[in-house]
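Trainee:
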Amino acid sequence: MMENSIVFIIGLILNVLVLCYCCIKWKTIGNIKFLVATQAILSSLTISANPGLMAENIDWHPKGDFICYKLPSLVIHFLCVAILNLACLSCISYAQITDTWQVRRSSAILIFLAVVSVSTILSSPIFYSINKGWSILRYDGCISKISDAEVANKVHINVVRYAFWFLILQYIIPAFIIASRVVLILIHLWQEESKTDISPRPKNQVVIRFAVHAIFAILFLVVIVLFSIHLGGLESDKALAFLNVIFHKFVLFFVVVLCCPWYLIEMIRSQCENDESSCPVEYTKQENELNI
Numbered sequence: 000m001m002e003n004s005i006v007f008i009i010g011l012i013l014n015v016l017v018l019c020y021c022c023i024k025w026k027t028i029g030n031i032k033f034l035v036a037t038q039a040i041l042s043s044l045t046i047s048a049n050p051g052l053m054a055e056n057i058d059w060h061p062k063g064d065f066i067c068y069k070l071p072s073l074v075i076h077f078l079c080v081a082i083l084n085l086a087c088l089s090c091i092s093y094a095q096i097t098d099t100w101q102v103r104r105s106s107a108i109l110i111f112l113a114v115v116s117v118s119t120i121l122s123s124p125i126f127y128s129i130n131k132g133w134s135i136l137r138y139d140g141c142i143s144k145i146s147d148a149e150v151a152n153k154v155h156i157n158v159v160r161y162a163f164w165f166l167i168l169q170y171i172i173p174a175f176i177i178a179s180r181v182v183l184i185l186i187h188l189w190q191e192e193s194k195t196d197i198s199p200r201p202k203n204q205v206v207i208r209f210a211v212h213a214i215f216a217i218l219f220l221v222v223i224v225l226f227s228i229h230l231g232g233l234e235s236d237k238a239l240a241f242l243n244v245i246f247h248k249f250v251l252f253f254v255v256v257l258c259c260p261w262y263l264i265e266m267i268r269s270q271c272e273n274d275e276s277s278c279p280v281e282y283t284k285q286e287n288e289l290n291i
């Protein structure tokens, strides 16, 4: 628990520093700054409320409804919004690096609203269960307050009947999107560094792009098939326990990703260096006047 707390504190400090850095460079970076600042805020909120979520044994007295039921659901909702926003950021970053699309202020706002809407819709069963009095997500230390008939599974935080599609939509698909964008960005940067006077043909870039998408699509299908086969061969109690273990592994992985926001810093630094069109017009005019 002490190690987790140190990681969370460091992650919170790093995200606050990213937010401060984004505010300092606000006038010199493009409209992606809105999504970067939002990502830093969401990461900070998730990390701030997450130490209790990662604790395996909680023995708080008294155990209120907010700590036992509402806080875990809010943490997962913040985490889902942060993950989808990060997936959008990775796609936008690749589009800007390859000069295929530049985000506008209205586009950034619409993307953020879409991310929040999709995350809220996908997380609606969690909030619905709270209103009905049987929380899908609860702390281990709160299980003692509930009768055995109300507890479907006592392994960490109970995902129960929404676990399979919830894992796929909220974690597995965004993970494959982020991974594919990162691979494409690395390939593009490698091509930029190694290319000579003769630039690579557009057809080659299209082939590489489709090849990467095909590879990750095949990997996604293989993971889903193996996941379904393994889940179908288990008993109901073991299947729920397995889903909860996978759920916690994904949560831990993405929390660690949010605690290391180096990608946000690189995203801010690369805006004006790689593409002057992503900078505000006033800034580019001032820079040209200084150069003259």
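Using numbering that gives the first Met the number 0, the letters of the sequence shown map in sequence onto residues 0 to 291. A virtual CB, placed ideally from N, CA and C, is assigned to each residue, including glycine.
In chain order, what residues of the same chain have a beta carbon less than 7 Å from the beta carbon of residue 81, not counting five sequence neighbours either side?
Mentor: Working through the sequence shown from its first residue, we reach residue 81 at position 82. Here the set comprises 38, 41, 42, 45, 257.
Trainee: For residue 124 and residue 115, what's the separation of their Cα atoms in angstroms?
Mentor: Taking the first residue of the sequence shown as 1, we reach residue 124 at position 125. Taking the first residue of the sequence shown as 1, we reach residue 115 at position 116. The alpha-carbon atoms of residue 124 and residue 115 are separated by roughly 15 Å.
Trainee: Going straight from the alpha carbon of residue 100 to that of residue 106, what length do you get?
Mentor: The residue given as residue 100 occupies position 101 in the sequence shown. The residue given as residue 106 occupies position 107 in the sequence shown. Rounded to whole angstroms, residue 100 to residue 106 spans 11 Å at the Cα level.
Trainee: Grab me the residues of residue 103's own chain with a C-beta within less than 7 Å of its C-beta, minus the 5 sequence neighbours each way, in chain order.
Mentor: Position 104 of the sequence shown, counted from the start, is the residue given in the question as residue 103. Result list for residue 103: 30, in chain order.
Trainee: By the three-class DSSP mapping on this structure, what secondary structure does residue 175 have?
Mentor: Your numbering for residue 175 matches position 176 in the sequence shown. Three-state DSSP puts residue 175 in a helix.
Trainee: For the candidate residues 21, 27, 48, whose alpha-carbon lies nearest to that of residue 36?
Mentor: On the sequence shown, position 37 is the one that residue 36 refers to. When only C-alpha atoms are compared, the closest one is 21.
Trainee: Could you work out which residue in 19, 186, 118 is closest to residue 208 when comparing CA atoms only?
Mentor: Taking the first residue of the sequence shown as position 1, residue 208 is located at position 209. Nearest C-alpha to residue 208: 186.
Trainee: My assumption, with CB atoms under 8 Å, is that residue 260 sits in contact with residue 14. Please give the rounded CB distance.
Mentor: Residue mapping note: residue 260 aligns to position 261 of the sequence shown, counting from 1. Residue mapping note: residue 14 aligns to position 15 of the sequence shown, counting from 1. At roughly 5 Å, the Cβ-Cβ gap stays under 8 Å, so residue 260 and residue 14 are in contact.
Trainee: Using C-beta distances below 7 Å, list every residue in its chain close to residue 60, excluding the 5 sequence neighbours before and after it, in chain order.
Mentor: Here residue 60 refers to the residue found at position 61 of the sequence shown. Residue placement at residue 60 is poorly supported in this model, since its pLDDT is 42, which falls under 50; the coordinates are not used for a value here.
Trainee: Taking just the CA atoms, how far does residue 91 sit from residue 210?
Mentor: Along the sequence shown, read from residue 1 onward, the residue named residue 210 stands at position 211. Along the sequence shown, read from residue 1 onward, the residue named residue 91 stands at position 92. Residue 210 and residue 91: Cα-Cα distance of roughly 20 Å.
Trainee: Reducing DSSP to helix, strand and coil, say where residue 103 ends up.
Mentor: What you label residue 103 is simply residue 104 of the sequence shown in a count that begins at 1. Residue 103 falls in the coil class under three-state DSSP.
Trainee: Looking only at its chain, what residues have a beta carbon closer than 7 Å to the beta carbon of residue 245, apart from the 5 residues adjacent to it on each side?
Mentor: Against the sequence shown, residue 245 aligns to sequence position 246. So the qualifying residues of the chain are 166.
Trainee: Let me know the secondary structure DSSP gives residue 24 once reduced to three states.
Mentor: In the sequence shown, residue 24 corresponds to position 25, counting from 1. Residue 24: coil per DSSP, three-state reduction.
Trainee: Starting from the C-beta of residue 168, find all residues in its chain whose C-beta is less than 7 Å away, skip the five residues before and the five after it, and write them out in chain order.
Mentor: The residue given as residue 168 occupies position 169 in the sequence shown. Within the same chain, residue 168 has close Cβ partners 121.
Trainee: Would residue 19 be called buried (16 or more neighbouring beta carbons within 10 Å of its own) or exposed?
Mentor: As a working note, residue 19 is residue 20 in the sequence shown. By the neighbour-count rule (16 or more Cβ atoms within 10 Å), residue 19 is not buried but exposed.
Trainee: To the nearest angstrom, report how far apart residue 95 and residue 16 are at their CA atoms.
Mentor: Counted from its first residue, the sequence shown places residue 95 at position 96. Counted from its first residue, the sequence shown places residue 16 at position 17. Near 24 Å, if we compare the C-alpha coordinates of residue 16 and residue 95.
Trainee: Determine the DSSP secondary structure at residue 236, reduced to helix, strand or coil.
Mentor: For the purposes of this step, residue 236 is taken as the residue at position 237 of the sequence shown. Looking at residue 236 - three-state DSSP - the assignment turns out to be helix.
Trainee: At a cut-off of 7 Å, would you count residue 219 as near the ligand PLP, judging by its Cβ distance to the nearest heavy atom?
Mentor: The ligand PLP is not part of the structure shown, which contains no ligands of any sort.
Trainee: Once the 5 residues before and after residue 178 are set aside, which same chain residues still bring their CB inside 8 Å of it?
Mentor: Within the sequence shown, residue 178 is the residue found at index 179, counting from 1. Correct list, in chain order: 215.
Trainee: Around the Cβ of residue 325, are there at least 16 other Cβ atoms within 10 angstroms (buried) or fewer (exposed)?
Mentor: Residue 325 is absent from the model: the chain starts at 0 and stops at 291.
Trainee: Would a C-beta distance cut-off of 8 Å place residue 175 and residue 219 closer than the cut-off?
Mentor: Position 176 of the sequence shown holds residue 175. Position 220 of the sequence shown holds residue 219. Their beta carbons are under 8 Å apart, which means residue 175 touches residue 219 by this criterion.
Trainee: I'd like to know whether the C-beta atoms of residue 33 and residue 108 end up nearer to each other than 8 Å.
Mentor: The residue labelled residue 33 in the question sits at position 34 within the sequence shown. The residue labelled residue 108 in the question sits at position 109 within the sequence shown. Yes, Cβ-Cβ distance for residue 33 and residue 108 is below 8 Å.
Trainee: Roughly how many whole angstroms lie between the Cα atoms of residue 327 and residue 237?
Mentor: There is no way to answer for residue 327, as the model of the chain reaches only from 0 to 291.
Trainee: Looking at C-alpha atoms only, which residue of 249, 163, 180 is the closest neighbour of residue 224?
Mentor: In the sequence shown, the residue the question calls residue 224 occupies position 225. Selected option, being the one with the closest Cα: 163.
Trainee: Do you know whose CA, among 184, 243, 189, lies nearest residue 212's CA?
Mentor: Within the sequence shown, residue 212 is the residue found at index 213, counting from 1. Nearest option by C-alpha distance: 184.
Trainee: Let's see if you can read the secondary structure: which residues bound the alpha helix (DSSP H) around residue 93?
Mentor: Counting from one through the sequence shown, the residue named residue 93 turns up at place 94. Segment 70 to 96, the alpha helix (DSSP H) holding residue 93.
Trainee: For residue 86 and residue 26, what's the separation of their Cα atoms in angstroms?
Mentor: Counting from 1 along the sequence shown, the entry for residue 86 is found at position 87. Counting from 1 along the sequence shown, the entry for residue 26 is found at position 27. Distance between the alpha carbons of residue 86 and residue 26 is about 25 Å.
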